[in-house]
Amino acid sequence: MSKSHSVWVSRPLFPEVLAHLAQYVHVHAETEDRKHSSAELREKLAAVDGAIVALSDRIDGNVIAGNQRLRVVSNLAVGYNNFDVPALTAAGILATNTPDVLNETTADYAWALLLAAARRVSSAERWLRAGHWRGGMRFDDWLGVDVHGKTLGILGMGRIGQAIARRACGFGMPVLYHNRSRLPQTVEHDCCATWVEKSELLKRADHLMLVLPYSAQNHHAIGAAELALMKSTAVLVNIARGGIVDDAALAVALREGRVAAAGLDVFEGEPAVHPALRELDNAVLSPHIASASADTRRAMAQLAADNLLAALGYGPDAGHPRSPLNPEAWGKH
Ligand code: 8YV
2 MSKSHSVWVS RPLFPEVLAH LAQYVHVHAE TEDRKHSSAE LREKLAAVDG
52 AIVALSDRID GNVIAGNQRL RVVSNLAVGY NNFDVPALTA AGILATNTPD
102 VLNETTADYA WALLLAAARR VSSAERWLRA GHWRGGMRFD DWLGVDVHGK
152 TLGILGMGRI GQAIARRACG FGMPVLYHNR SRLPQTVEHD CCATWVEKSE
202 LLKRADHLML VLPYSAQNHH AIGAAELALM KSTAVLVNIA RGGIVDDAAL
252 AVALREGRVA AAGLDVFEGE PAVHPALREL DNAVLSPHIA SASADTRRAM
302 AQLAADNLLA ALGYGPDAGH PRSPLNPEAW GKH
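In this text, residue positions in the sequence shown follow my numbering: the first is 2, and each later residue adds one.
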């Protein structure tokens, strides 16, 4: 088949996904994972009909200004706070993301962080590896906080929040949640979850998971004032986005024992991590890997590729990308 479209893939991807793309379009794939500047993005995007981009690629009006060619940008993530969707829509460029395929894997990881932070898994391992486990150990050493039977709080009850909530039943945990809008009763019932005001959630949750999308309104949704409402025995888990938590305020609360522990997969300004958090033994830290299982990352890459191809008129979904963010951009070009 002669190929009439070119696409740019801004980070290395699974070879089989690149090979799938290459059946239909010319593919220019980066071989190194790194953040691209606005100038680089502008140049790369001017030369292609579509692109698969990473969360670190900020696609805003400046980057697409004057671009007459680009038809679609496919985000390799469900969250799309790196996109200026109104600017893309105004330019007639379709934006897509990768919802659903990562819900269960990300929910698993949220629980991994909660359990690890509550039961001090990382710090105990560091202690053991450092050779400190020589003689006996005191019966009251390494005491953590319980997870089972406690009340789980979830701030942000989208698809991932609901997948987290469904797992709580197995731990015998009632779930309280806060979301802008209440879920339908059938979904609340399925998740054993009860809607409460945010301040009530913070006060009543024994452990709190953050699953909010990032937006200007959600910036520092958890700051010093919110942390002050939480129980001192609570574990805070953030698998959502850096910037939702005021990391400096969290570090103070953790150091002073006003929050028992935290499990954090995302950070303000990542990959930089607030130095105070890195010093704390009661913080379990990981490098934004909640969706990183082999199956899920493959499924995300495949969905991002399928969305791109469909938007350019190829593949089984031709003309019908599965997860468009701004379908109203269609046909504006
Ligand atoms: C990232 C995520 O995509 O989907 C999201 O919104 O934050 C993650 O799944 C992943 O870490 C790749 O950058």
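Just so it is clear, CB atoms sit at the ideal spot from N, CA and C, and this is done for glycine as well.
- The Cβ atoms of L144 and L177 do not sit closer than 8 Å to each other.
- For H27, the enclosing beta strand (DSSP E) starts and ends at 27-30.
- For I155, there is no enclosing alpha helix (DSSP H); the residue is part of the beta strand (DSSP E) that begins and ends at 153-156.
- In terms of Cβ geometry, H21 and A306 form a close pair [threshold 8 Å].
- Restricted to the segment 100-160, the beta strand (DSSP E) segments that are unbroken, complete and at least 3 residues in length are 153-156, listed in chain order.
- At a cut-off of 3 residues, the continuous stretches assigned as beta strand (DSSP E) that sit fully inside the segment 166-204 are 176-179, 194-196.
- DSSP, reduced to helix, strand and coil, places S75 within a strand of the structure shown.
- Collapsing the DSSP output to three states places A241 in coil.
- Look at T99: its beta carbon is less than 7 Å from one of the heavy atoms in the ligand 8YV.
- In the three-state scheme derived from DSSP, where H, G and I count as helix and E and B as strand, P325 is classed as strand.
- Cβ-Cβ distances below 6 Å link R43 to V64 in the same chain, with the five nearest sequence neighbours on each side left out; the list follows chain order.
- At least one heavy atom of the ligand 8YV lies closer than 7 Å to the C-beta of L56.
- For V253, the enclosing alpha helix (DSSP H) stretches over residues 248-256.
- Distances from the alpha-carbon of M138 to those of W128, D147, V146 put W128 closest.
- Residue pairing by DSSP places T234 in no beta bridge whatsoever.
- A direct Cα-Cα distance of roughly 6 Å separates R323 from N308.
- N327 places its beta carbon 8 Å or farther from that of T99.
- Around the beta carbon of C192, 16 or more other beta carbons lie within 10 angstroms, which makes this residue buried.
- In this structure, the beta-carbon distance from G80 to R298 does not fall below 8 Å.
- When rounded, the separation of the alpha-carbon atoms in L313 and L14 is 19 Å.
- At least one heavy atom of the ligand 8YV is found less than 7 Å from the C-beta of H289.
- With a threshold of 7 Å, the Cβ atom of A20 does not count as near the ligand 8YV, since no heavy atom of the ligand is closer than that.
- In the DSSP assignment, G264 falls outside any alpha helix (DSSP H) and lies within the beta strand (DSSP E) extending over 262-265.
- Per the C-alpha coordinates, the member of K199, N76, R72 positioned closest to S57 is N76.
- Excluding sequence positions up to five before and after V102, its CB lies within less than 6 Å of the CB of A300, M301, L304, all in the same chain and listed in chain order.
- When rounded, the separation of the alpha-carbon atoms in V49 and R70 is 7 Å.
- By DSSP's assignment, T97 forms a beta bridge with S75, P325.
- Between the alpha carbons of P16 and A23 lies a gap of roughly 10 Å.
- Within 10 angstroms of the beta-carbon of P317 lie fewer than 16 other beta-carbons, which makes it exposed.
- Taking 8 Å as the cut-off, the beta carbon of H275 is found no closer than this to the beta carbon of A250.
- At a threshold of 7 Å, L103 counts as near the ligand 8YV, since its beta carbon sits closer than that to one of the ligand's heavy atoms.
- At least one heavy atom of the ligand 8YV lies less than 7 Å from the C-beta of L77.
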